[in-house]
Amino acid sequence: MNIVVCVKQIPDPAAPQSFDPSNNLNRSGKLILDEADTYGVEMALQLVDKAGGGEVTVVSMGSASDVAGLRNALAMGASAAVIVSDDSLRGSDALTTAKVLASVIARAPFDLVLAATESSDGYTGTMPVQLAELLGLPSITFAKSVSVEGSTLHVSRQTEAGYDEVTAPLPALVTVTAGVVEPRYASFKGIMAAKSKPLEILSVADLALASPIGAPGAREEIISIEAAESRQSGEKYVDEGDGAEKVVAFLESLKVI
Amino acid sequence: MTVANLWVVLEPSGDSFTTTSLEVLSFARTLSDTVSAITWGEGSSLAPQAGDFGAGTLYDVGDLGGALPGVPVASAIASLVERVGAPDDILIPTSYDGRDIAARLSARLDRPVLSNVTGLRDDNGLVTEHPVFGGSLTVSARFTSEGPGIVLVRAKSFAAEASGGGPASVVAASPGDQGSSAGATIVNTHVEERTGPKLEEATVVVSGGRGLGSADSYVLIEELAKLLHGAAGASRAIVDAGWVPYSHQVGQTGKTVKPLVYIACGISGATQHMVGMKGSKNIVAINKDPDAPIFQIADLGIVGDVHKVLPALIDSLKGRS
């Protein structure tokens, strides 16, 4: 069973975010593997293990100035990594990203594509299913659990009221929610092994892309960025055994109790 | 060029459309004289509600035979665009299925999606508003290509208001050829028992974060929520850690809530969380770190240990009932 996992290297989410002069998210600093993607990598490793063999390949698009995030996925156990990195891709929207990843994924046979429900920096949440449509695959989003029996995929999919059991024929695409599995930490052995695993860096010229890419391909533009209305803080007390009383009094004043 | 023709996706949920669907439809009719809607499944029996909230025509994709809606509904909309011509824009509520439909449609029509939209206006064409960086900035954007633009609108961006219109006229819109993308089928539905109100509709929301220390302590959040007839929420950190299901998550990647009172317990206030709850009318924060960002937006801040404050609060409320 061969599984492709879409991953993204993002700026540290704990660091303040900013825009660059062309109104793209500033990604000039250190890049890390999006934590949301570690669940997909772990899920893929477990599924391949259960199937009794196969390879996990991670694919990505973005700056390759720092590939520590991809090395991290390799250290967890993925067999190979591919990243499309090209200045002309700056300002690409989710659909263009899906087109780029589709052209990479279509190069080799696969059984399953996994992705996070959304990235932690751009969080549009549409790229995986755009990718599924471009690859002509069924998709099941918001998976809480994933298993494979023969050539059929079984997924528990999060819903408003609970969850649905959903099936689809393979090959297919699945997006996983955080917390579905416990991502493993890379072992020292894994980290050492990752150094010699294939990490391919492609440019746009290596791919057969029919449509415009980057900002012109996005066909959408930012027209203004303004400060949003801010909230003022109220009263703050240090709890000296009376914290609960203060909350009760506040709730009383609002007639909640 | 102004916005003259909008389509709105209306997601059926039992004997009503979802609240977010009705919010989007209500606002669409203030932007455009001609608003049509697309629905499926039991939605076709809701033509009176679609009309009441502003739709003239209700395109009905019909029974999906257990298929997940993404592929058949997007396929039907793409066929409609060919048959009756494209609207200026297609507005879709952000939900599990809404995102699938928007993404499928985007790839089928080769048109971009503007997502996480919380405001819309007509300024020589549709302008979308997006909160970014924890809601501290608002970005306005527009499509630069020919339509239809595809827009994913977040819950609680607009008020759902009936207009008193007569029933929408129902027109069949079959999915047509879905190709190899079809095949995702619901074989079983599980409804988790819920006591108390839904997270998005509760007057009081009590949320827990990493400061609870362990999954076991989440019972404090549930107990307090129950005593206040409210709903229990969570930060992304403890959802990612597997303490509580994703359906409890409040924030950028989870639900948007605007209750009368939001009580944040052991939540530091990451931008990702704040954007989902800063619209609450009143915010109470309990956190042992006096410098936690959550205090900057709290009307009442208690610097203290949730393991001391919450049990005392629960006892006090029990004593009153």
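From first to last, the protein sequence lines stand for chains A and B.
The first sequence begins at 147 in this note's numbering and counts up one residue at a time.
The second sequence begins at 173 in this note's numbering and counts up one residue at a time.
Every residue, glycine too, gets a C-beta built ideally from N, C-alpha and C.
Inter-stretch contact at 8 Å, needing at least 3 Cβ pairs: the stretch 311-318 of chain B / the stretch 276-288 of chain B: yes
First and last residue of the uninterrupted alpha helix (DSSP H) at residue 479 of chain B: For the purposes of this step, residue 479 of chain B is identified with residue 307 of the second sequence, where counting begins at 1. Where residue 479 of chain B is concerned, the enclosing alpha helix (DSSP H) stretches over 478-492.
Cross-chain neighbours of residue 142 of chain B in chain A, by beta carbon under 7 Å: Residue numbering for chain B in the displayed model covers 173 to 493; residue 142 of chain B lies beyond these limits and cannot be assessed.
Under 9 Å between C-beta atoms of residue 178 of chain B and residue 204 of chain B: Taking the first residue of the second sequence as 1, we reach residue 178 of chain B at position 6. Taking the first residue of the second sequence as 1, we reach residue 204 of chain B at position 32. In this structure, residue 204 of chain B lies closer than 9 Å to residue 178 of chain B by Cβ.
Residue 261 of chain B: CB within 8 Å of a non-hydrogen atom of the ligand GTP: For the ligand GTP, the structure offers nothing, since it holds no ligand at all.
Through-space distance from residue 394 of chain A to residue 381 of chain A, alpha-carbon basis: As a first step, residue 381 of chain A must be located in the first sequence, where it is residue number 235. As a first step, residue 394 of chain A must be located in the first sequence, where it is residue number 248. Approximately 14 Å, taken between the alpha carbons.
Nearest candidate by alpha-carbon position, reference residue 561 of chain B, set B/444, B/278, B/370: As displayed, chain B neither begins before 173 nor continues past 493, which places residue 561 of chain B out of reach and without an answer.
Boundaries of the alpha helix (DSSP H) in which residue 242 of chain A is found, first to last residue: Taking the first residue of the first sequence as 1, we reach residue 242 of chain A at position 96. Unbroken alpha helix (DSSP H) run through residue 242 of chain A: 240-251.
Between the CA atoms of residue 193 of chain B and residue 303 of chain B - distance to the nearest angstrom: As a position in the second sequence, residue 303 of chain B is number 131, starting the count at 1. As a position in the second sequence, residue 193 of chain B is number 21, starting the count at 1. Rounded to the nearest angstrom, the two C-alpha atoms are 20 Å apart.
Residue-level contact to chain B via CB, residue 201 of chain A, 9 Å cutoff: The residue you call residue 201 of chain A lines up with position 55 of the first sequence. With 9 Å as the cut-off, residue 201 of chain A does not count as an interface residue toward chain B.
Cβ pair residue 432 of chain B, residue 453 of chain B closer than 9 Å: As a position in the second sequence, residue 432 of chain B is number 260, starting the count at 1. As a position in the second sequence, residue 453 of chain B is number 281, starting the count at 1. Contact: yes.
Alpha-carbon spacing of residue 187 of chain B relative to residue 374 of chain A, whole angstroms: One-based indexing of the second sequence puts residue 187 of chain B at position 15. One-based indexing of the first sequence puts residue 374 of chain A at position 228. Residue 187 of chain B and residue 374 of chain A: Cα-Cα distance of roughly 37 Å.
8 Å contact criterion, which residue 389 of chain A and residue 410 of chain B should meet: CB distance rounded: Indexing the first sequence from 1 puts residue 389 of chain A at position 243. Indexing the second sequence from 1 puts residue 410 of chain B at position 238. 22 Å between Cβ atoms; not a contact.
Beta bridge counterpart(s) of residue 289 of chain A as assigned by DSSP: Counting from 1 along the first sequence, the entry for residue 289 of chain A is found at position 143. DSSP lists A/303, A/322 as the beta-bridge partner residues of residue 289 of chain A.
Inter-residue Cα distance where the pair is residue 307 of chain B and residue 321 of chain A: As a first step, residue 307 of chain B must be located in the second sequence, where it is residue number 135. As a first step, residue 321 of chain A must be located in the first sequence, where it is residue number 175. C-alpha separation (whole angstroms): 26 Å.
Inter-residue CB distance, residue 228 of chain A and residue 250 of chain A (contact presumed, cutoff 8 Å): By 1-based counting over the first sequence, the position of residue 228 of chain A is 82. By 1-based counting over the first sequence, the position of residue 250 of chain A is 104. Contact flag correct, Cβ pair sits at about 6 Å.
Partners in chain B for residue 472 of chain A, counting only beta-carbon separations shorter than 7 Å: Since the displayed chain A opens at 147 and closes at 403, residue 472 of chain A lies outside it and no answer follows.
Contact check, residue 299 of chain A vs residue 278 of chain A, beta carbons under 9 Å: Taking the first sequence and counting its residues from 1, one reaches residue 299 of chain A at position 153. Taking the first sequence and counting its residues from 1, one reaches residue 278 of chain A at position 132. One thing to note: residue 299 of chain A has its Cβ no nearer than 9 Å to the Cβ of residue 278 of chain A.
Residues bridged to residue 189 of chain B [DSSP beta-bridge criterion]: For the purposes of this step, residue 189 of chain B is taken as residue 17 along the second sequence, with counting starting at 1. In DSSP, residue 189 of chain B forms a bridge with B/184.
Amino acids of chain A, ordered along the chain, whose beta-carbon sits closer than 9 Å to that of residue 480 of chain B: Working through the second sequence from its first residue, we reach residue 480 of chain B at position 308. Simply 385, 387, 389, 390.
For residue 396 of chain A, the three-state DSSP class (helix, strand or coil): Translated into the one-based positions of the first sequence, residue 396 of chain A becomes position 250. Three-state DSSP puts residue 396 of chain A in a helix.
Short CB-CB distance (under 9 Å) between residue 356 of chain B and chain A: What you label residue 356 of chain B is simply residue 184 of the second sequence in a count that begins at 1. At a cut-off of 9 Å, the C-beta of residue 356 of chain B has a neighbouring C-beta in chain A.
Where residue 331 of chain A falls: helix, strand or coil (DSSP): Within the first sequence, numbered from 1, the residue matching residue 331 of chain A stands at position 185. Three-state DSSP puts residue 331 of chain A in coil, outside helix and strand.
Contact set for residue 242 of chain B: own chain, Cβ-Cβ below 8 Å, skip 5 residues either direction: For the purposes of this step, residue 242 of chain B is identified with residue 70 of the second sequence, where counting begins at 1. 269, 272, 273, 275, 276, 356.
The stretch 174-182 of chain A / the stretch 302-319 of chain A touching (three or more Cβ pairs under 8 Å): no
Counterpart residues of residue 229 of chain B in DSSP-defined beta bridges: Walking along the second sequence from the start, residue 229 of chain B turns up at place 57. DSSP, once it has assigned bridges, lists B/208, B/341 as partnering residue 229 of chain B.
DSSP state of residue 165 of chain A mapped onto helix, strand, coil: Here residue 165 of chain A refers to the residue found at position 19 of the first sequence. Residue 165 of chain A falls in the strand class under three-state DSSP.
Contact with chain B by residue 402 of chain A, beta-carbon distance below 9 Å: Reading the first sequence from its first residue, position 256 is the one you call residue 402 of chain A. Residue 402 of chain A counts as touching chain B.
Contact check, residue 362 of chain A vs residue 267 of chain A, beta carbons under 9 Å: Within the first sequence, the letter at position 216 stands for residue 362 of chain A. Within the first sequence, the letter at position 121 stands for residue 267 of chain A. Result no, Cβ atoms of residue 362 of chain A and residue 267 of chain A do not sit closer than 9 Å.
Where residue 373 of chain B falls, given that 16 or more other Cβ within 10 Å makes a residue buried: Translated into the one-based positions of the second sequence, residue 373 of chain B becomes position 201. That one is exposed.
Continuous beta strand (DSSP E) stretch holding residue 449 of chain B: start and end: The residue you call residue 449 of chain B lines up with position 277 of the second sequence. That residue, residue 449 of chain B, is in no beta strand (DSSP E); it is neither H nor E in DSSP.
Which listed residue (B/380, B/434, B/485, B/332) has its alpha carbon closest to that of residue 412 of chain B: Translated into positions along the second sequence, residue 412 of chain B becomes position 240. Ranked by how close their Cα comes to the Cα of residue 412 of chain B, the residues B/380, B/434, B/485, B/332 have B/380 in first place.
Closer than 9 Å to chain B by CB, residue 264 of chain A: Counting from one through the first sequence, the residue named residue 264 of chain A turns up at place 118. It does: the Cβ of residue 264 of chain A has a partner Cβ on chain B nearer than 9 Å.
Presumed contact (8 Å Cβ cut-off) between residue 224 of chain A and residue 205 of chain A, rounded CB distance: If you number the first sequence from 1, residue 224 of chain A lands on position 78. If you number the first sequence from 1, residue 205 of chain A lands on position 59. Not quite, the Cβ-Cβ distance comes to about 10 Å (not below 8 Å), so this is no contact.
Three-state secondary structure assigned by DSSP to residue 254 of chain B: For the purposes of this step, residue 254 of chain B is identified with residue 82 of the second sequence, where counting begins at 1. The answer is helix: DSSP assigns residue 254 of chain B an H, G or I state.
Exposure of residue 331 of chain B, with buried meaning 16 or more beta-carbon neighbours within 10 Å: In the second sequence, residue 331 of chain B corresponds to position 159, counting from 1. Residue 331 of chain B should be labelled exposed.
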